[in-house]
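*Asks:* Quick one: this structure, given as structure tokens, is what I'll be asking you about.
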Amino acid sequence: CLLVGLSVVSVVVICIAVRFLPLPASPGQPGVPSFHRLITANPIVGILSQPSTTHPEYEFIASSYVKWVESAGGRAVRIPFNASNDTVADLLGSVNGVLFPSGDADPNRVAAFIYRHAKELNRNGTHFPLWGTGLGMQWLFQLESPTTTLLDDLDVDKMSSTLEFIHGSRSSSRLFGFSAVFDVMAGQPIADYVDTLGMLVDHLYAAPSLASFFRPLATSVDRQGREFVAAVEAVEFPFFGVQFHPERNAYEFGQEAVDHTYNAIVTSQALSHVFVNEARRNDHRFATSLVERTALLYNRKASDVAYPMFEEVLLFNATLD
2 CLLVGLSVVS
12 VVVICIAVRF
22 LPLPASPGQP
32 GVPSFHRLIT
42 ANPIVGILSQ
52 PSTTHPEYEF
62 IASSYVKWVE
72 SAGGRAVRIP
82 FNASNDTVAD
92 LLGSVNGVLF
102 PSGDADPNRV
112 AAFIYRHAKE
122 LNRNGTHFPL
132 WGTGLGMQWL
142 FQLESPTTTL
152 LDDLDVDKMS
162 STLEFIHGSR
172 SSSRLFGFSA
182 VFDVMAGQPI
192 ADYVDTLGML
202 VDHLYAAPSL
212 ASFFRPLATS
222 VDRQGREFVA
232 AVEAVEFPFF
242 GVQFHPERNA
252 YEFGQEAVDH
262 TYNAIVTSQA
272 LSHVFVNEAR
282 RNDHRFATSL
292 VERTALLYNR
302 KASDVAYPMF
312 EEVLLFNATL
322 D
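For the sequence shown, the numbering used here begins at 2 and goes up steadily by one.
Listed below in structure tokens is the structure:
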């Protein structure tokens with residue numbers, strides 16, 4: 002509720018209601034067991050750290066990704082970019098989902114291991130979501146179809162845009178069907194873009210292996226008038242990708258293109274709720290509470306090393322798991 006008027010004799014109160022749809026079990030999808038119930042009250046998301054281009058001895062995670070996960074009641078741990086397969090396998094058995102953030106790196110051995118393992122988990126009956134943001138969405142494309150994926154140069158850096166929902170996806174998709182609050186994204190330029198690589202819509206449809214695996218949900222148009230893919234979800238798996246950056250609406254400042262209005266914050270949080278609630282549908286956990294507490298990223302302090310584009314970053318020794 003917001004107090005918008007105050008006098009000696011009256012107080013005017015406006016209450017703004019945000020409607021989120023209830024979370025029944027996931028609808029049946031080929032390859033995904035039907036009706037996964039919500040199992041985990043306190044899900045933990047693994048975030049793959051990225052190699053630093055300015056400080057090669059470090060890997061980093063922008064704090065905004067951690068805060069975005071936490072805004073929906075999740076918690077976050079790091080998955081090291083060059084961790085051993087044994088370390089990654091152990092982490093994947095402990096976390097409830099994985100987020101591929103944006104960055105400058107190409108998908109590597111660890112990303113490919115995570116992707117294969119996530120598909121195997123889902124095929125074997127464990128609901129395990131993946132989320133890709135910005136170039137993280139391009140990673141999903143590249144990992145699914147490394148020989149056919151085309152990445153296009155886009156003129157979208159530091160641009161906010163509306164979304165054009167495809168074929169009723171606002172109400173029918175798992176991603177945008179979560180809440181009617183996403184309607185606002187069709188009319189208000191909330192979607193924040195900072196990456197210069199993406200995929201034109203025509204190129205997605207021209208790659209049969211991708212077009213059959215990922216359902217395009219929404220598009221935007223770059224400054225040159227080219228329509229590109231803004232959001233996707235996998236047809237048979239709980240995998241989601243957005244080219245825009247919902248974490249920036251609430252947690253990154255200093256750029257005029259980023260929309261920080263009430264509507265932008267609510268849609269950012271709603272997208273986080275989609276992912277985190279998908280992560281609630283498996284019972285993975287750390288071996289002990291001590292191991293869990295040690296791994297959680299909210300135990301780490303943000304670095305005082307200046308880093309472009311981000312308010313805060315978490316830095317890690319790149320040579321250590």
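Every residue gets a Cβ at the ideal spot worked out from N, C-alpha and C, and that includes glycine.
Any idea what DSSP makes of residue 79, helix, strand or coil?
*Replies:* Looking up residue 79 in the sequence shown gives position 78. Three-state result, residue 79: strand.
*Asks:* Span of the alpha helix (DSSP H) holding residue 267?
*Replies:* Taking the sequence shown and counting its residues from 1, the one referred to as residue 267 is at position 266. Counting along the chain, the alpha helix (DSSP H) containing residue 267 begins and ends at 263-280.
*Asks:* Do you know how far the Cα of residue 240 is from the Cα of residue 200?
*Replies:* As a first step, residue 200 is located in the sequence shown; it is residue number 199 there, counting from the start. As a first step, residue 240 is located in the sequence shown; it is residue number 239 there, counting from the start. In a straight line, the C-alpha of residue 200 is about 17 Å away from that of residue 240.
*Asks:* Is it buried or exposed for residue 228, if we count other Cβ within 10 angstroms and need 16 for buried?
*Replies:* Locating residue 228 in the sequence shown gives position 227, counting from the first residue. Looking at its Cβ environment, which holds fewer than 16 other Cβ atoms inside 10 Å, residue 228 is exposed.
*Asks:* From the DSSP output, read off the bridge partner residues of residue 132.
*Replies:* Here residue 132 refers to the residue found at position 131 of the sequence shown. DSSP, once it has assigned bridges, lists 100 and 241 as partnering residue 132.
*Asks:* Which two residues bound the contiguous alpha helix (DSSP H) that contains residue 317?
*Replies:* In the sequence shown, counting from the first residue as 1, residue 317 sits at position 316. Counting along the chain, residue 317 falls outside any alpha helix (DSSP H), though it belongs to the beta strand (DSSP E) covering 314-318.
*Asks:* Let me know the secondary structure DSSP gives residue 26 once reduced to three states.
*Replies:* Taking the first residue of the sequence shown as 1, we reach residue 26 at position 25. Low confidence applies to residue 26: its pLDDT is 42, below 50, so where it sits in the model is not reliable enough to give any reading.
*Asks:* How long is the line joining the alpha carbons of residue 81 and residue 206, rounded to whole angstroms?
*Replies:* By 1-based counting over the sequence shown, the position of residue 81 is 80. By 1-based counting over the sequence shown, the position of residue 206 is 205. If you take the alpha carbons of residue 81 and residue 206, they lie about 33 Å apart.
*Asks:* Exposed or buried, which one is residue 315 when buried takes at least 16 other CB atoms within 10 Å?
*Replies:* Start at 1 with the first residue of the sequence shown, and residue 315 comes out as number 314. The residue in question, residue 315, is buried, as its Cβ has 16 or more Cβ neighbours within 10 Å.
*Asks:* Go to residue 231, then tell me how far its beta strand (DSSP E) extends in each direction, as first and last residue.
*Replies:* Working through the sequence shown from its first residue, we reach residue 231 at position 230. Run containing residue 231: 228-235, per the beta strand (DSSP E) assignment.
*Asks:* Give the straight-line distance between the Cα atoms of residue 232 and residue 274, rounded to the nearest whole angstrom.
*Replies:* Reading the sequence shown from its first residue, position 231 is the one you call residue 232. Reading the sequence shown from its first residue, position 273 is the one you call residue 274. Going from the Cα of residue 232 to the Cα of residue 274 covers about 16 Å.
*Asks:* Please classify residue 302 as buried or exposed, where buried requires at least 16 other C-beta atoms within 10 Å of its C-beta.
*Replies:* Position 301 of the sequence shown, counted from the start, is the residue given in the question as residue 302. Burial call: exposed.
*Asks:* Quick check on residue 405: buried or exposed, where buried means 16 or more other Cβ atoms within 10 Å of its Cβ?
*Replies:* Since the first residue of the chain shown is 2 and the last is 322, residue 405 is not available in this structure.
*Asks:* What's the C-alpha gap between residue 99 and residue 48?
*Replies:* Counted from its first residue, the sequence shown places residue 99 at position 98. Counted from its first residue, the sequence shown places residue 48 at position 47. Residue 99 and residue 48: Cα-Cα distance of roughly 6 Å.
*Asks:* Pull up the DSSP beta-bridge partners for residue 61, would you.
*Replies:* The residue labelled residue 61 in the question sits at position 60 within the sequence shown. The partner list for residue 61 (beta bridge, DSSP) reads 51 and 316.
*Asks:* Relative to the C-alpha of residue 166, which residue among 218, 64 and 63 is closest?
*Replies:* One-based indexing of the sequence shown puts residue 166 at position 165. Nearest of 218, 64 and 63 to residue 166, Cα basis: 218.
*Asks:* Given this structure, state the Cα-to-Cα distance separating residue 289 from residue 172, to the nearest angstrom.
*Replies:* Position 288 of the sequence shown, counting from 1, holds the residue named residue 289. Position 171 of the sequence shown, counting from 1, holds the residue named residue 172. If you take the alpha carbons of residue 289 and residue 172, they lie about 40 Å apart.
*Asks:* Could you tell me the alpha carbon to alpha carbon distance between residue 267 and residue 104, rounded to whole angstroms?
*Replies:* Residue numbering aside, residue 267 sits at position 266 when the sequence shown is read from its first letter. Residue numbering aside, residue 104 sits at position 103 when the sequence shown is read from its first letter. Computed Cα separation, rounded: 25 Å.
*Asks:* Assign residue 225 to buried or exposed, taking buried as 16 or more other Cβ atoms, counted over all protein chains shown, within 10 Å of its Cβ.
*Replies:* By one-based count along the sequence shown, residue 225 stands at place 224. Burial call: exposed.
*Asks:* Distance check for residue 242 and residue 174, CA to CA, integer angstroms please.
*Replies:* Stepping through the sequence shown from its first residue, residue 174 is reached at position 173. Stepping through the sequence shown from its first residue, residue 242 is reached at position 241. Cα to Cα, residue 174 sits roughly 13 Å from residue 242.
*Asks:* Which same chain residues, not among the five before or five after residue 163, have their C-beta less than 8 Å away from its C-beta?
*Replies:* On the sequence shown, residue 163 is found 162 positions in, with the first residue counted as 1. 186, 187, 188, 189, 190, 191, 192 and 221, listed in sequence order.
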